[in-house]
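Colleague: Before we start, here is the structure in question, set down as C-alpha cells.
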Amino acid sequence: MPRYLLFVLLTIAACLHTHAQQVELMFTAGMGSYSMGDMKKLNSGLHAQVPFETKVTTNFPMTLQLGGNFAVQLSKIYKMGIKYAYNSTGSRVAASDYSGSYRFDNVISGHTLGMINSFLLYDHKAFRVDIQTNIGIVASILKINEELHVVDTTLSSSVHYSSVGVFFEPMTEATYQWKYLKAGIFFGYFVNAGGRIKNEKGERSNSTINWSGFRFGIEIGIHQINR
Amino acid sequence: MRLHRFPILFFLFCFFILNSCEYKLKGDYFRNLNAIPPSNVLITISGHSDTLIATTNESYKVQVSCGDRITLFYRLYIDGVQKHFESVSSNTFYINPVTFTNMDGVYKMTVEAGINTGSGSIGDVLGTEGYLISKEFILVVLNGQGTFYPNQQFDRTNGTLKVILDVPSNIQNVKKVTFSKSVASSPYAVFATVHGTNHYEAIDASYVGESANFSVQTYLGDPAGTIFIHFVNGSTNVSYDLPEITAGVSNRGYPLLSWDKTHYTANCGSYRIYAKPNGSNMIELLGSVSNINDTMFEAAGATFPGNYLFHVAPVPIQVPSYYTDATAWTLFSREVYSVVGLNSFGFDRFLTPNGSFIYYTNSPDVIYEYSAETGTITNEINTSSGWFYTFAVSPNGKYLLAATGASDFSYLFYDLTTKQSTWILSSVVIGAGAHTGIISVADNGLSSVITGNKIVIYDFLHQVPITQQVLPMDADRTVISADGQYIFAEAGYLYLYKFVSGALQQKWSSSGSYGTIKYYTFYPSQPSEAKIFINQTFYTKNCDSWATVNSFALNISDLRNIDFTNGHILGSTTTYFMVFDANTGSLQFQNPTSPNLTTFDLRIKKNTVYHYGGKKLIIF
Chain A
1 MPRYLLFVLL TIAACLHTHA QQVELMFTAG MGSYSMGDMK KLNSGLHAQV PFETKVTTNF
61 PMTLQLGGNF AVQLSKIYKM GIKYAYNSTG SRVAASDYSG SYRFDNVISG HTLGMINSFL
121 LYDHKAFRVD IQTNIGIVAS ILKINEELHV VDTTLSSSVH YSSVGVFFEP MTEATYQWKY
181 LKAGIFFGYF VNAGGRIKNE KGERSNSTIN WSGFRFGIEI GIHQINR
Chain W
1 MRLHRFPILF FLFCFFILNS CEYKLKGDYF RNLNAIPPSN VLITISGHSD TLIATTNESY
61 KVQVSCGDRI TLFYRLYIDG VQKHFESVSS NTFYINPVTF TNMDGVYKMT VEAGINTGSG
121 SIGDVLGTEG YLISKEFILV VLNGQGTFYP NQQFDRTNGT LKVILDVPSN IQNVKKVTFS
181 KSVASSPYAV FATVHGTNHY EAIDASYVGE SANFSVQTYL GDPAGTIFIH FVNGSTNVSY
241 DLPEITAGVS NRGYPLLSWD KTHYTANCGS YRIYAKPNGS NMIELLGSVS NINDTMFEAA
301 GATFPGNYLF HVAPVPIQVP SYYTDATAWT LFSREVYSVV GLNSFGFDRF LTPNGSFIYY
361 TNSPDVIYEY SAETGTITNE INTSSGWFYT FAVSPNGKYL LAATGASDFS YLFYDLTTKQ
421 STWILSSVVI GAGAHTGIIS VADNGLSSVI TGNKIVIYDF LHQVPITQQV LPMDADRTVI
481 SADGQYIFAE AGYLYLYKFV SGALQQKWSS SGSYGTIKYY TFYPSQPSEA KIFINQTFYT
541 KNCDSWATVN SFALNISDLR NIDFTNGHIL GSTTTYFMVF DANTGSLQFQ NPTSPNLTTF
601 DLRIKKNTVY HYGGKKLIIF
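In order, the protein sequences belong to chains A and W.
Going by my numbering, the first residue of the first sequence is number 1, and it counts up by one from there.
Going by my numbering, the first residue of the second sequence is number 1, and it counts up by one from there.
Structure, rendered in C-alpha cells:
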C-alpha cells in the first residue's frame, strides 16, 4: 500500500477521533467517465498492427467511483477538507476464432487524494448547495495483460506501469441535514493533468493516463451539529 | 483503546474493499471462420518437367500454384529423407538439390510445401495452421560434364553415307544422340536416334550425294539410360558427291546425256533429268530414269534450234519433302551444256527443187549442191567472176541461174545435169545500167527477171529475149513455173501471168479481199497448178481459171518451205515448228522451237529440218 495513502487515512481517522466543531464525514458513490486519450490511441495502434482482425470490445467505460471526504466548516460559507476517491476502468482488444484467441487487456486503477475547498452557494433550513474547487493528486496503476492462444500454444505477458498526476475538480453538491445525518448529490468535472506513464524501472513515456471526465453521484455521512 | 482502533481498522477495511473493486474486463470478439482446403494445388519446377536433371550445382525455381494461398515453408526430401526445411513467405522459392547429393544417379525428390488455410484466422495469419502439399519429382544428378563440340565424320563407302560421332572419353553420361539433316533451308529432320556410350553412327537412307547440313543432338542420360536431357549439338556440312555428266548428240540430233552411276546405290531410286534453255530461268523436268543402272538419256523434244544446261539429279527412294525441282537443280545435280542438233552447214540461201538435192550458199562466190540422200556435197558451183547476188534453181532441178552482181554484171546460167556454165551480160538481158537480183528460172531455160517495175522474160538456154511487162510498181519477188508458162510477180499485189503468143497475159491478181498471202509457188510436177498460202489456208489453184483444186487449213503463222519431192510442208508458230503432209495438210511432226531467235530460219528436205545456223534435226 502506498505510504501516502496510509497517511491520509490515518489523518482522517484522527480527525474523527477529535471533538471537532462542524465537521462532517461523508461517503460517496457515483459514476465517472474517463478521457484516457493516449490509452485509446494505444489500442487503435494495436488494432492496426495486429495481423489478424481484432475489435476493441471494452474501451475505458464509465465506471463506479467510490470514496469519501472529511471536511470542517470553518465559516458560514467556507468549508475545507480532504477527499479520496477510487476509480477503476479498462479496455480490451480481442479476437477469437476456431484456431485460438487473443486478448490485450488494460486495467487502470486510480486513487484520488485532494483538498476540498467548498463555498456555500445557497441554504434554506437544512438544505444547502455548495460549490467546490477541489485539487489534488491522482496516483494510477496500469496493468497490461496480453495473451495469445493458438492451437496448443499459449503466450502471455503481464506488465505494470504507474503514473502520478494532478487534478482540478469543480463540483456542485446539494445536501440535506437531519440531526447527525447528512446526505446529498454531487455533479462535477474532473480535470486531470500530467500523469505520464512510467515503467517499473522508472522510465517515463510520453503517454499519460488521463482520468478527465464527468463525476456525479450520491453521498451520505455524518454531520456534527454546533453546540 | 478499542475506540481508537476502530476507525483505523474501518478505513483499512474500506481500502481493501476498494481495491477489490478493480474493474473486471469482459467481452470477446469471436469470428465464425472456416478453413477451406485449397483446390488444384500444383508444385512445379520452372523450366523443367517432373524429371529434374541436374548437371551443375545450380538452383531451381519451385513454383507453388495455390491460388490466393501463401506458402509458409517447404521441406525437401531426397529418397524419403528430409534434407532441408525453410520458412518462406512466397509461393516461389529455390532449391539446390545437388547440394545434398552429388553422386550421379536417379533419386526420388519430394518437395513438400506448407500453405496457409487462407481463412484469415489467428492461426492462419500467424502461420501455425495450414495444409501440407507435396509433389514427387525424379531427380537425375549428372555431375562433371565438360564441354565439347560434336564434330561429325562421314563414311561414304558401301553405297551409303554413314554419319559418325565419337564422344570424347572425358565427356560422361552422353547416352543418346539424334542425327538430323537439312537440305537448303529445310527444317532439320531426324533420321536416326541412337543410344550408346561413346561411339554413335547412323546411316542416312535418303542421301544420294547432295550437299547437306547434318546436325547432331547429344543427350545426357542417367546411368540406366532411360531419362535424358539435351546436352550440346553441332552441325557439319557434307559436300557434293554427285555423278559427272557428259553431253553428246543422238543420231537424230537431240542432246544425249550420259553420267556416272550414283555412288549411293542403296538410297537412290531413280534419276531426274532437268534442262534450262539458254537465256531462260525456267527449269524443265525432261524426264526420269527409274533404273539407276541406266545412265543415258536422250532429250527428245528439246527445242530446236536451242542450247541447254542439263542437270541429272539422283532421287532418293523415299523422296523427301524438300526434294523439289529447285533443290534437285541446285543441290542434287551437276550440269552440262549442250546444243541441240547435228552439225550441218550454215546457209543464207537454201533452195530445194524437186529431187534429192539442196542448193545453198554461205559464202560470196560458191553455190553448193548437197545430196539429201547421201548427206554430202556433190557439187560446188563457183561464181568466180565476182560475188553472186542471188540465185535460183528451176523447179525440177534442171538449171541454176545466178546473178553475180548488183549492176553491170553477168548472169551465170548453169546446167545442173551437164554442169556447163554460161555467162551472159546483164546488159543483154535487162539493159545497161539496170540492176536486179530478183530472178526465177524454169526447167526449159526461160527466166523471169525483175528490174525495178519491169518484168523481163528471157530465154537463157537460147539467149533470146522473149518479152517484157511493166508492173504497177517496183516488184519484190517473182516465180516462174517449171514449164515457163506461168509467172508470179509481187508488186504491191501478187500478179499471175501466163505466157501466151509471146506476150504475158495477166490471169489473176490479189487485189481485193484475199487476205494475207504468205507463200506462193508452182507445183513442179504440174506447172499449171499454183500452191498458195493465204492467211492459214493452203490452196492448190488452177492457174488458168484460178479455181481451187484443193485446200486445207494449216495452224501456223509462217510457211517456211515445201519439199515437193517428199510431200512435206514446213511451217512454224512462235513456239513450235510443224511438218504437214503437202497433199492433205495432216500434221506429221512437231517440235518446240526457239521463240527468242531474231533471225529464225528453218528449211525441210527429205527427213531433216535444217537451221541456218549450222544445225539439223532428223525428224523421220
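Glycine included, each C-beta is placed from N, C-alpha and C at the ideal position.
I need the DSSP call for A:L42, collapsed to helix, strand or coil.
Modeller: Helix at A:L42.
Colleague: Return helix, strand or coil for W:N291, following the three-state DSSP convention.
Modeller: Coil at W:N291, not helix or strand.
Colleague: Output needed for W:A482: all residues of its chain with C-beta closer than 7 Å, excluding positions within five of it in sequence on either side, in chain order.
Modeller: So the qualifying residues of the chain are S394, P395, N396, A442, D443, F522, P524, P527.
Colleague: Which residues, in chain order, does the segment 58-71 of chain W contribute to contact with chain A at a C-beta distance below 9 Å?
Modeller: The residues in question: there are none.
Colleague: At which residues does the beta strand (DSSP E) containing A:D97 begin and terminate?
Modeller: Its beta strand (DSSP E) spans residues 78-97.
Colleague: Residue range of the beta strand (DSSP E) that W:G105 falls in?
Modeller: Where W:G105 is concerned, the enclosing beta strand (DSSP E) stretches over 105-115.
Colleague: What do you get for W:S510, buried or exposed, if any count of 16 or more other CB atoms within 10 angstroms of its CB means buried?
Modeller: It is buried - the Cβ of W:S510 has at least 16 other Cβ atoms within 10 Å.
Colleague: What three-state label does DSSP hand A:P170 in the structure shown?
Modeller: Correct three-state label for A:P170: strand.
Colleague: Quick one: what does DSSP say W:V319 is sitting in, helix, strand or coil?
Modeller: It is coil, neither helix nor strand.
Colleague: Quick one: any contact between the segment 271-278 of chain W and the segment 317-331 of chain W, if contact means 3 or more CB pairs under 8 Å?
Modeller: With the cut-off at 8 Å, the segment 271-278 of chain W and the segment 317-331 of chain W touch.
Colleague: Expressed to the nearest angstrom, what Euclidean distance is found between the alpha-carbon atoms of W:R477 and W:L554?
Modeller: Using only the alpha carbons, I get a separation of about 24 Å.
Colleague: Could you have a look at W:W329 and say whether DSSP puts it in helix, strand or coil?
Modeller: Three-state result, W:W329: helix.
Colleague: Mind pulling the chain W residues with CB within less than 8 Å of A:P51?
Modeller: The contacting residues are V125, L126.
Colleague: Cβ atoms of A:M115 and A:I137: under 8 Å apart, would you say?
Modeller: No.
Colleague: Check the Cβ-Cβ distances between W:K26 and every residue of chain A, and say whether any is below 8 Å.
Modeller: Yes, contact with chain A.
Colleague: In this structure, how does DSSP classify W:P223 when only helix, strand and coil are distinguished?
Modeller: Coil at W:P223, not helix or strand.
Colleague: Whole angstroms are fine: how far does the CA of A:S156 sit from the CA of A:E219?
Modeller: Straight-line Cα distance between these residues: approximately 41 Å.
Colleague: Among residues of its own chain, excluding the 5 on either side of A:L46, which ones have a beta-carbon nearer than 7 Å to its beta-carbon?
Modeller: Counting only Cβ-Cβ distances below 7 Å, and skipping sequence neighbours, we find V93, F104.
Colleague: Would you check if the distance between the CB atom of W:S410 and the CB atom of W:I424 is smaller than 8 Å?
Modeller: For W:S410 and W:I424, yes; Cβs fall inside 8 Å.
Colleague: Can you check which of these residues, W:L52, W:E529, W:S121, W:A434, is closest to W:E136 by C-alpha distance?
Modeller: W:E136 has its Cα closest to that of W:L52, out of W:L52, W:E529, W:S121, W:A434.
Colleague: I'd like to know whether the C-beta atoms of A:T208 and A:S162 end up nearer to each other than 8 Å.
Modeller: Going by C-beta atoms, A:T208 is not nearer than 8 Å to A:S162.
Colleague: What residues match up with W:D581 in a beta bridge as DSSP calls it?
Modeller: W:H568.
Colleague: Using the three-state DSSP reduction, which class does W:D124 fall into: helix, strand or coil?
Modeller: Helix, per DSSP.
Colleague: With 8 Å as the threshold, decide whether the Cβ of A:L66 is near any Cβ in chain W.
Modeller: Yes, A:L66 counts as interfacial toward chain W.
Colleague: Any Cβ of chain A within less than 8 Å of the Cβ of W:L132?
Modeller: Closer than 8 Å: no.
Colleague: May I ask you to list the residues that DSSP assigns as paired with W:H195?
Modeller: Partner(s): W:K176.
Colleague: Name, in chain order, the residues that DSSP records as bridge partners for W:I245.
Modeller: Partner(s): W:W259.
Colleague: Is the Cβ of W:S42 closer than 8 Å to any Cβ of chain A?
Modeller: It is Leu, not Ser, that sits at residue 42 of chain W in the sequence shown. So, not an interface residue.
Colleague: I need the straight-line Cα distance from W:T599 to W:V319, nearest angstrom please.
Modeller: Confidence in W:T599 is poor, its pLDDT being 48 and thus under 50, which makes the residue's placement unreliable; the coordinate value appears in the next sentence. Their Cα atoms are separated by approximately 43 Å.
Colleague: Could you work out which residue in A:K179, A:V150, A:S205 is closest to A:L42 when comparing CA atoms only?
Modeller: That would be A:S205, whose Cα lies nearest to the Cα of A:L42.
Colleague: Residues in its own chain within less than 6 Å of W:A35 by CB, not counting five upstream and five downstream?
Modeller: Taken in chain order, the residues that qualify are T117, S119.
Colleague: Just list the residues that DSSP pairs A:T153 with in beta bridges.
Modeller: Answer is A:V150, bridged to A:T153.
Colleague: Can you tell me the Cα-Cα spacing of W:G248 and W:K454, whole angstroms?
Modeller: About 52 Å.
Colleague: Which partner residues does W:L446 have in the DSSP bridge list?
Modeller: Per DSSP, W:D459.
Colleague: Report yes if the C-beta distance between W:T467 and W:L494 is below 8 Å; otherwise report no.
Modeller: Going by C-beta atoms, W:T467 is not nearer than 8 Å to W:L494.
Colleague: Near W:F15, which residues of its chain fall below 6 Å by C-beta distance, leaving aside the five closest residues on each side in sequence?
Modeller: Closer than 6 Å at the Cβ level, and outside the excluded window around W:F15, lies no residue.
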